[in-house]
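Working notes, structure below.
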Ligand SMILES: Nc1ncnc2c1ncn2[C@@H]1O[C@H](COP(=O)(O)OP(=O)(O)OP(=O)(O)O)[C@@H](O)[C@H]1O
Ligand SMILES: Nc1ncnc2c1ncn2[C@@H]1O[C@H](COP(=O)(O)OP(=O)(O)OP(=O)(O)O)[C@@H](O)[C@H]1O
Ligand SMILES: [Mg+2]
Ligand SMILES: [Mg+2]
């Protein structure tokens, strides 16, 4: 049963100031679902990239099918049937979905678009993915792009499929779909390497878990011989309380009221946000939650509707005006909307409140530094220095930088769009504490989240969207996963 | 549904309509504009530019730019002229030689870009200077003239009523369009330009694609050069430079993205023709050269602006997510 | 630790070392090279280019490019000359007028880019043609010469042993470097170039930044133009064109990224100086112009290639692997 | 014996002078070397000075006025005793010329006069004269070919170029001088540049609107070669080649070839304005330069003459 199909030996990878992987050795068995678990920056993605040949390891070797490779290349890796779904998706925006799916399948001769579309539809169908093959990838939402990535990997008839946080932006029903996919693959004896920060997923589908910490291999355990608690303590090196922080700080004052907002994807949406409240938004992907908040924030045009801040009607035409009125937004897509990948961590964090860190026009470097240090510690951002470029951070740590950036903005109303996407369990708890802290200070929070557990745990009230319209609202007492799903999906 | 189709047809062909509009305008302004000879004239005059622009467009689609194309044309012009007149080689050998020089210079660009791992735009910024020097060093600034009639046929001959350069353009445009749209190699060019890292990870050899694209661009540059020299019946080192500028303008006008991964050969042809018709028409109408410059700039801005505006108008509900 | 610092110092200053290397080479090859007069000469000759390049570099950092700078210089040159000679306005008014024209043309670029929502490179590709037409239309192809001595002082005067243009360059470089590095406006330029969408969502008005950057570029272009005209003592429409090319080359050489969001003013100055020393040194050594072209292209490739290589160099064992 | 000694002494001084000469640097700041004529001119001048025993360096500004200023400054730095300047924009050279002379470098303005400078000027002719020469060639040909034509019956077109102030002056002169011939109906236009292919393209377009054009006068010979390329091509609207002519300025092998061929109407380039052959040009230039280099007084101006070259001129 446990026949080793792939083994990575003493893999070491160094970056300036960081040892991303330090002599990591792992074996993977045929037909197993093998999870990689570790804090943000532990080296999971790096290990995967070494396996796929996307980056070169400095030391170590990879054994597969009786061959030993000191260095992988993308070509060799694929020739052994390894397919990877990357954390930062790797699709070609200017090509269609079908072309992306079929890219690399053939390399000679003529393209048959009909056939490509047919193949794509055939792949999508069993998994209930409803995306037209002719759509350009750049017109898809991040969640849809993720689905396309998954479909692309499956279509290749791989022997080993690596999934780096495939569910970070999927909602419950898509995650269920993914489970089905994985189970089917497992029956075909395909090995799955699965990375996720959502602990419950590990217990649902994985057979074994390998834990990594600070670039080092810690141990590998069988999933059914362990529990959540011990996994976490192996991962972070200490015990963690995992309860959602309780609080009671909602005031009657209404800080934000949206009236009859109609935008690019929304129709006639109205809601109110109270001081000290955490208001959750739920819905399936494509329900228009992101679009709604972008319209509120002035990032997209509104067709009609009014926004009142603390009772005052404000015409929010641009994010700048929103920020001046005390609204902050943590965008959903960190790579394109959140991070300045080629700027240092300190400048990333300082960008929203840089005016406050300046006298006249001149920026006070010391204060920029101090602020960056503060957030790096508070959010436990793993980096050799605050002068590191954001692009060199691990996915979860980039997300933390985006959070820090908006938190530093010191807004009264903060919109979190998928705040904990890609963030590890430990840090996630810190963020929940931070959110509680914020509302206790009298600020208000809007939270869009596809993580049902987090949504139910953190929200004071939940509004469900369906096809751009409000389909229901639940008070804390009425919270239930089923209730939300029912409101979210079409009857 | 019907209206949407018409709308999207218009959206996708804005430039063709602009071209038609400009032609209509000139037909009214000048009685001589709308004649077969004049239109063939415009096509012939711009033949070399279309060929060169198609080459550059491929490089742009693959995510680069070729600034050296003008000087490459100049080197090929001199080499071809020299082979023909100074060395008295037979025509087929001369053509082969000219094309080879073009391909080699193109390969050099691609090779250096791959080797030093710097952006093709920067590489060709440097090689354009080098090629210019090389061209003048070979020619010694002399013109090579009195070229053979059989050679001049390439630029001046007719097949039936159709000028040879126009035929060459059509053949090249059709082939390149087909390759770009219908072959895997063509799609890989788009992939390499759209997201090189993703393409590499999908098993596309991005470096090979880059090299191939530059070789093709060099080849097409050489064809352009031969057409140009054959038309003038004389070759000198000042022929070519400036083409890079017109070619890039035409590509941009024709919807080839600077960032790579996007654009159609069809667009490039239309782009060149808009520029060509403009300059022909304005001369027929009798505008002074400097007024022409200003008008040309304005029309460029308006066309590109309108095209972009049309394309950016949000496409509603591309993705219909039905939950089954 | 010490070695790492030295290594990173070298890595960050490769171009300065290349500049020093080239200077050393020419000092050996030509006895005239390493004299105070000659070095001041090089600095003065390239003053206008440094000023213009700094302007262009800001646009590039903000994610665009200014291809129209050369023609903008030409328009300002003619306007300044005309105000001085034809209209006989007093010097301060003339300068103000010239600078205003520069700023207005720059603003026009920025305004059009914002309005039509097209890439600045494309906008300036069109406006460069327009500006050229405008310049010739104003000047009527005539030169304006015999300019006033007080005006010429800007380009030819000395303060102590230092030429005025060199002083202007130093003042501008210091101010712009300060603004870019130390003020929030400067950081916004980098942010807008690095990731415009993220910048917008962070409350940066990207359109305003773009406009401001183009205005500054226009202003610096005007200063460059005035220095240039004052040095020649005469203005005509052919002055300026070509500067865009040299400026972009210098920026690229100086490490300003085409994509935006990266680069330092310091680098631009070094970039221009490398080009300037090269052309000065090669003439002193007595190389022919076309050989110079080839050498210049090669050195460009090697410098940029080496710089990129240094920055991309894999860190082997620089980090000592501590096992906790 | 004394005589022999004296002789060797004289020889020695002569040799010393020779050696001295080869230390003397002469700079030639040429505007452009992109065509055969200019390239050959730069060679002739360089070889000429070197034959006289001087060291000569050529710097081509490649058509850029600012570069030319830099090159002259660099010559001064190099310690040149004399710089021959063929200006891109002569109006912009006044100050750099003055500065050079203050530092002991003599300036000889060649073919184009440096406005307001105290430099020595050697010119074959002014731009205006060249322009008038081109006009005269055209006018004479029309008078000869269409002796009986009435007023305004012959269509003539000028392909001018005003990309530089100098060029504008020449183009203007062609226009003014040609207007004296009453037989002509004159149109002035400018192709996109002063190159062969631009002129060819302009000619193609021109014949769409003015198929009866008999004469095209060009700013330079390169452009007249372009006009010729069109007229002699298969698609040409000019059926009777003998009824058509084009003229320009500057001589080159190609243009000579075309002019000779025009006798049998195998070309329509029927002549050009020449600034003289290279020997004459060199002799004109060297006369004042020699004086300057020997430290003698020179006159401010040395003017040569233009020659009108036609096929007949070659026969003679
Ligand atoms: N290009 C790079 N340059 C410098 N350091 C890098 C680079 N890429 C990754 N790192 C560093 O390597 C370490 C491991 O990163 P990796 O992306 O593998 O983490 P991860 O386990 O996937 O984290 P996450 O859960 O946040 O995705 C991190 O400390 C990161 O900062
Ligand atoms: N034309 C567009 N240009 C750029 N981005 C777009 C465009 N249209 C949509 N998006 C992006 O796509 C996403 C919209 O996602 P979707 O339509 O799935 O709505 P959603 O309900 O917010 O999705 P989710 O439930 O995953 O948050 C947003 O991130 C938005 O920024
Ligand atoms: Mg990761
Ligand atoms: Mg969303």
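Residue numbers (my numbering), protein chains in the order written: chain A, 1042 to 1532; chain B, 2 to 325; chain C, 2 to 325; chain D, 592 to 907. Positions of the beta carbon are idealized from the N, C-alpha and C atoms, including for glycine. For clarity, every value in this text was computed on a predicted model and none was experimentally measured.
9 Å Cβ cutoff, residue i in contact with chain G
i: residue 665 of chain D; result: Among the protein chains in the structure shown, which are A, B, C and D, there is no chain G.
Proximity below 9 Å, CB of residue i to CB of residue j
i: residue 1501 of chain A; j: residue 1318 of chain A; result: yes
i: residue 152 of chain C; j: residue 102 of chain C; result: no
i: residue 64 of chain C; j: residue 197 of chain C; result: yes
i: residue 1052 of chain A; j: residue 1070 of chain A; result: no
i: residue 125 of chain C; j: residue 110 of chain C; result: yes
i: residue 70 of chain B; j: residue 255 of chain B; result: no
For residue i, three-class secondary structure by DSSP
i: residue 1300 of chain A; result: strand
i: residue 325 of chain B; result: In this predicted model, residue 325 of chain B has a pLDDT of only 30, less than 50, meaning its place in the structure is not dependable; the value taken from the coordinates is given anyway. Here residue 325 of chain B sits in coil by DSSP.
i: residue 237 of chain C; result: coil
i: residue 8 of chain C; result: helix
i: residue 1376 of chain A; result: helix
i: residue 1244 of chain A; result: helix
i: residue 655 of chain D; result: coil
i: residue 318 of chain B; result: Here residue 318 of chain B scores only 37 on pLDDT, less than 50, and its place in the model is too uncertain to base an answer on.
i: residue 223 of chain C; result: helix
i: residue 669 of chain D; result: coil
i: residue 101 of chain C; result: helix
i: residue 308 of chain B; result: helix
i: residue 79 of chain C; result: helix
i: residue 697 of chain D; result: strand
Cross-chain neighbours of residue i in chain B, by beta carbon under 9 Å
i: residue 775 of chain D; result: The contacting residues do not exist; residue 775 of chain D stays about 18 Å from chain B at best.
i: residue 1152 of chain A; result: 182, 183, 184, 185, 187, 188
Residue i beta carbon near ligand 3 (any heavy atom closer than 8 Å)
i: residue 8 of chain B; result: no
i: residue 1315 of chain A; result: no
i: residue 1205 of chain A; result: yes
i: residue 1441 of chain A; result: no
i: residue 1236 of chain A; result: yes
i: residue 1128 of chain A; result: yes
i: residue 63 of chain C; result: no
i: residue 1436 of chain A; result: yes
Chain-ordered neighbours of residue i on chain D, where CB pairs are closer than 9 Å
i: residue 51 of chain C; result: Residues of chain D passing the Cβ test: none, with the nearest at roughly 13 Å.
Contact test: residue i Cβ vs ligand 1 heavy atom, cutoff 8 Å
i: residue 1065 of chain A; result: no
i: residue 1444 of chain A; result: no
i: residue 1476 of chain A; result: no
Neighbour list for residue i in chain B, Cβ cutoff strictly below 7 Å
i: residue 1148 of chain A; result: 185
Contacts that residue i makes with chain C (C-beta to C-beta distance below 9 Å)
i: residue 118 of chain B; result: 306, 309, 310, 313
i: residue 239 of chain B; result: In chain order: nothing, as chain C lies at least about 13 Å away.
i: residue 910 of chain D; result: Only positions 592 to 907 of chain D appear in this structure, which leaves residue 910 of chain D out of reach.
Proximal residues of chain C, C-beta to C-beta of residue i below 7 Å
i: residue 653 of chain D; result: 290
Beta-carbon neighbours of residue i, restricted to chain C and to distances below 8 Å
i: residue 299 of chain B; result: 127, 131
Practice task
Write down every uninterrupted run of the alpha helix (DSSP H) in the segment 1436 to 1467 of chain A whose length is 4 residues or greater and which is fully enclosed by it, in chain order.
Solution key: Unbroken alpha helix (DSSP H) runs of no fewer than 4 residues, entirely contained in the segment 1436 to 1467 of chain A, are found at 1436 to 1449, following chain order.
Handout entry: Within the segment 774 to 858 of chain D, ranges of the alpha helix (DSSP H) (whole runs, at least 4 residues)
Key = The alpha helix (DSSP H) runs of length 4 or more contained entirely in the segment 774 to 858 of chain D are, from start to end of the chain, 787 to 800, 812 to 822, 844 to 852.
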